[in-house]
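Residue numbers (my numbering), protein chains in the order written: chain A, 13 to 286; chain B, 1181 to 1449.
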Amino acid sequence: MRDEILNVQHLSYGYPSGHLALSDISLSIGSGERIAIMGSNGAGKSTFFLNLNGVLKAQSGEIYYQGTKISGKELKELRRHVGFVFQDADSQMIASTVQAEVAFGPMNLKLSRDEVEKRVTQALQYMDLQSYRQRPPHYLSGGEKKRVSIADIIAMQSEIILFDEPTAALDPLSADMLEQVLADLSREGKTLLISTHDVNFAYRWAERILVFDRGKILADGNPLEVFLQEQVLEQAHLKKPEMLKVYEILSAQGLIKQGSYPREAGELAKALIG
Amino acid sequence: MKRHRKHLHGVTSIDYYACQSGLRQWNGCYKVCAAIVILILCLLLDNPWVSMAVILTMGVVNLRGNGVSFPVYLGLLKIPIAFLLLGGLGVALSISSHPIEPMSISMHWFYLYVTRETLMEALQLFLKAMGAVSALYLLALSTPASELTAVLRSIHMPKLLVELMYMIYRFIFILMNVQQGMKNAAISRLGDADFKTSCTTFGQIGGNLLILSLKKANTYYDAMISRGYEGDFPFWEEKKSVKAWQLVILGLYITVLLLIAMITSVIDK
Chain A
13 MRDEILNVQH LSYGYPSGHL ALSDISLSIG SGERIAIMGS NGAGKSTFFL
63 NLNGVLKAQS GEIYYQGTKI SGKELKELRR HVGFVFQDAD SQMIASTVQA
113 EVAFGPMNLK LSRDEVEKRV TQALQYMDLQ SYRQRPPHYL SGGEKKRVSI
163 ADIIAMQSEI ILFDEPTAAL DPLSADMLEQ VLADLSREGK TLLISTHDVN
213 FAYRWAERIL VFDRGKILAD GNPLEVFLQE QVLEQAHLKK PEMLKVYEIL
263 SAQGLIKQGS YPREAGELAK ALIG
Chain B
1181 MKRHRKHLHG VTSIDYYACQ SGLRQWNGCY KVCAAIVILI LCLLLDNPWV
1231 SMAVILTMGV VNLRGNGVSF PVYLGLLKIP IAFLLLGGLG VALSISSHPI
1281 EPMSISMHWF YLYVTRETLM EALQLFLKAM GAVSALYLLA LSTPASELTA
1331 VLRSIHMPKL LVELMYMIYR FIFILMNVQQ GMKNAAISRL GDADFKTSCT
1381 TFGQIGGNLL ILSLKKANTY YDAMISRGYE GDFPFWEEKK SVKAWQLVIL
1431 GLYITVLLLI AMITSVIDK
């Protein structure tokens, strides 16, 4: 069992308009987990992220970070440990050079100039952005902006990183690069939460899936458990991943090793050949 | 870095050129001081030759150093030129009840006349103002807003004002992006079919702009908060030291301007 890094107890959040976006959410997140958050538009995924990040303050319920209850003062602490990559990279861009942009977070952490410089260099290297250092971020392409917005958070060295629909509006090349970065971050022990509509991506990448429906958690488990529950898929308007469909067809014909459940082409080939 | 990559207009283009300017790496304080000194010289010396020298040299620096293409620079100068021409006309023309030599135009009830003196005065005023405008363009086209705020901060301008200035500057761009997007969407659905439709579209965009910008502003604020913003912009400032040769160039330039002023005033006498 992994060490618990974040614990949410009975969290409810309603917008001033009276719309209840989250109702009574409770869950525990282990350190280093790869979690995909799914659910239709307006199911409460983004609101959940904003709460986890300490931007929104829930009306009721508690959040514990490594066993410490987060309240008032610790909200800032929470933002230190939880990074949030916004869906629209543009909304994150504040400064007028990539370097200053990536330095914004570390500067807010009141780090020394040398430390900020070190972290910015590391983060730019990580996202392969060294040659963009002096460029104005507003005039970069969509994929490049996404990379800058991820470097923003890497430079803050948060233990938990939230990605709000990171693959939306990315070309295939940038999406591949993103998956590579996610794999690297995961290997380094970061806890990653990603909200996505891409069932194939969730099935292949995640080790745990949370399905949100109208502000509640409808299902919580490993990808296989979640995608095999027809009723959950129907209620949350999710489709079955292609790989799982292929497996089920082959399995019904007795053409594939039972219980192999391949998640990507390579694994499928292995299960078929032997 | 690629230059002139995008077709940009107005404020956006000024910001874009400032970001990719060849003088970007020069010290911000130096650029502000240089622009102000040149501007003041232009105004105080009040000498058409000095003004012309400033217009020419600043033009060269803006085209070469700041990497602005000639048509774009001309476009940027168009607005001040229009204003100055109108202002100059007001200075040059006078009204009289009877015709005056060498040139007067009858307007039935009165005469508009121009004398050599007023014409020269208008020309001098025009050149003086254009010199000042060119000097300011030198600053605007080489220094992005964040660098300007850093300079203001270093001369101990109140923090509130500096940050407000930067936020407003950022939001102008957000507003313009939102407006551009809505305008394109409206045009693609024939929102500009005729004059009446255009007016309605314009009104609707205006109304929506408010709502959309508020929503955008909220997201921007959330993004800032989530990265630890606590009511203070501690922007990363690069250390750009002033090099000796840059000071020498400025010194030489000022000396040359003063010399031009002295020589031409001697000749005039």
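Here a beta-carbon is modelled for each residue, glycine too, at the ideal position from N, C-alpha and C.
Problem set entry | Element boundaries [alpha helix (DSSP H), containing L204/A] | Run containing L204/A: none in the alpha helix (DSSP H); it sits in the beta strand (DSSP E), 203-207.
For this session: Let me know the secondary structure DSSP gives Y138/A once reduced to three states.
Result: helix
Problem set entry | Rounded separation between K257/A and G1383/B - CA only | Using only the alpha carbons, I get a separation of about 51 Å.
For this session: Flag this pair as touching only if the segment 1362-1376 of chain B and the segment 45-63 of chain A have three or more C-beta atom pairs under 8 Å; answer yes or no.
Result: no
For this session: Could you please give the first and the last residue of the uninterrupted alpha helix (DSSP H) stretch that includes K282/A?
Result: 277-285
For this session: Check the C-beta distance from V97/A over to L185/A and give it rounded, since I have them as a contact under 8 Å.
Result: Going by Cβ atoms, the distance from V97/A to L185/A rounds to 19 Å, so no, they are not a contact pair.
Exercise. At a Cβ cut of 9 Å, what residues of the segment 101-119 of chain A count as close to chain B, listed as they run along the chain?
Worked result: Going along the segment 101-119 of chain A in chain order, one finds D102, S103, Q104, M105, I106, A107, S108, T109, Q111, A112, E113, V114, A115, F116, G117, P118, M119 with a Cβ nearer than 9 Å to chain B.
Exercise. Between N1207/B and V1422/B, which are expected to be in contact by the criterion C-beta below 8 Å, what is the C-beta distance as a whole number of angstroms?
Worked result: 5 Å
Problem set entry | is_contact[P148/A, chain B] using C-beta, thresh 7 Å | yes
Problem set entry | Best match in R1296/B, G1270/B, G1267/B, G1268/B for proximity to I1280/B [C-alpha to C-alpha] | R1296/B
For this session: Name the two residues that bound the continuous alpha helix (DSSP H) containing I17/A.
Result: Per DSSP, I17/A belongs to no alpha helix (DSSP H); it is in the beta strand (DSSP E), 16-26.
For this session: Please classify G1245/B: does DSSP put it in a helix, a strand, or coil?
Result: helix
Problem set entry | C-beta atoms of A1312/B and C1222/B nearer than 7 Å | yes
Problem set entry | Alpha carbon of R1407/B to alpha carbon of F116/A, nearest angstrom | Between R1407/B and F116/A, the C-alpha separation is close to 8 Å.
For this session: For D1448/B, go through chain A and note every residue whose CB falls closer than 7 Å to its CB, in chain order.
Result: In chain order: nothing, as chain A lies at least about 46 Å away.
Exercise. Can you tell me whether S143/A is buried or exposed, with buried defined as 16 or more other CB within 10 angstroms of its CB?
Worked result: exposed
For this session: Would you kindly report the start and end of the unbroken alpha helix (DSSP H) that includes D225/A?
Result: Careful: D225/A lies outside any alpha helix (DSSP H), inside the beta strand (DSSP E) at 220-225.
For this session: Look at the Cβ atom of E191/A, then the Cβ atom of P149/A, and state whether they are nearer than 7 Å.
Result: no
Exercise. When the distance is taken between beta carbons, is R159/A closer than 7 Å to Q111/A?
Worked result: no
Problem set entry | Pick from M1404/B, S1445/B, V1428/B, I1434/B that is closest to A107/A, judged by C-alpha positions | In this structure, M1404/B is the residue among M1404/B, S1445/B, V1428/B, I1434/B with its C-alpha nearest to the C-alpha of A107/A.
For this session: Could you tell me whether any Cβ in chain A is nearer than 7 Å to the Cβ of H1187/B?
Result: Because the pLDDT of H1187/B is 46, which lies under 50, any placement of that residue in the model is unreliable, and the number read from its coordinates should be weighed accordingly. So no, H1187/B is outside the interface.
For this session: Grab me the residues of Y138/A's own chain with a C-beta within less than 8 Å of its C-beta, minus the 5 sequence neighbours each way, in chain order.
Result: Taking Y138/A as the centre and dropping the five residues before and after it, the same chain places the C-beta of A163, I166, V193, D196 closer than 8 Å to its C-beta, in chain order.
Problem set entry | Three-state secondary structure assigned by DSSP to G266/A | coil
Exercise. Of all Cβ atoms in chain B, is any one closer than 7 Å to the Cβ of F98/A?
Worked result: yes
For this session: Check whether the Cβ atoms of I49/A and S207/A lie closer than 7 Å to each other.
Result: yes
Exercise. Relative to chain B, which residues along the segment 55-81 of chain A have a C-beta separation below 7 Å, given in chain order?
Worked result: Per Cβ criterion, the list reads L62, N65, V67.
Problem set entry | Every unbroken alpha helix (DSSP H) inside the segment 59-93 of chain A [4 residues or more] | 86-93
Exercise. Do you know how far the Cα of L1430/B is from the Cα of I1534/B?
Worked result: No answer is possible for residue 1534/B: the residues shown for chain B start at 1181 and end at 1449.
Exercise. Checking contacts by CB at 7 Å: is L190/A closer than that to chain B?
Worked result: no
Problem set entry | Span separating the alpha-carbon of I1218/B from that of V1428/B | 15 Å
Problem set entry | Cβ shell of T1444/B (< 7 Å), same chain only, five flanking positions each side left out | N1227, W1229
Problem set entry | Check whether Y27/A and N63/A have beta carbons under 7 Å apart | no
Exercise. From which residue to which residue does the alpha helix (DSSP H) around K1211/B run?
Worked result: Taken as a continuous stretch (DSSP letters only), the alpha helix (DSSP H) holding K1211/B covers 1208-1225.
For this session: Pick out whichever of Q243/A, N234/A, F213/A has its Cα sitting closest to the Cα of D225/A.
Result: Minimum Cα distance to D225/A is reached at Q243/A.
Exercise. Taking Cβ-Cβ distances shorter than 7 Å, what residues in chain A pair up with S1406/B?
Worked result: N65, V67, R91, F96
Exercise. Are the beta-carbon atoms belonging to L1307/B and S1393/B less than 7 Å from one another?
Worked result: Here L1307/B is not near S1393/B, since their CB atoms are 7 Å or more apart.
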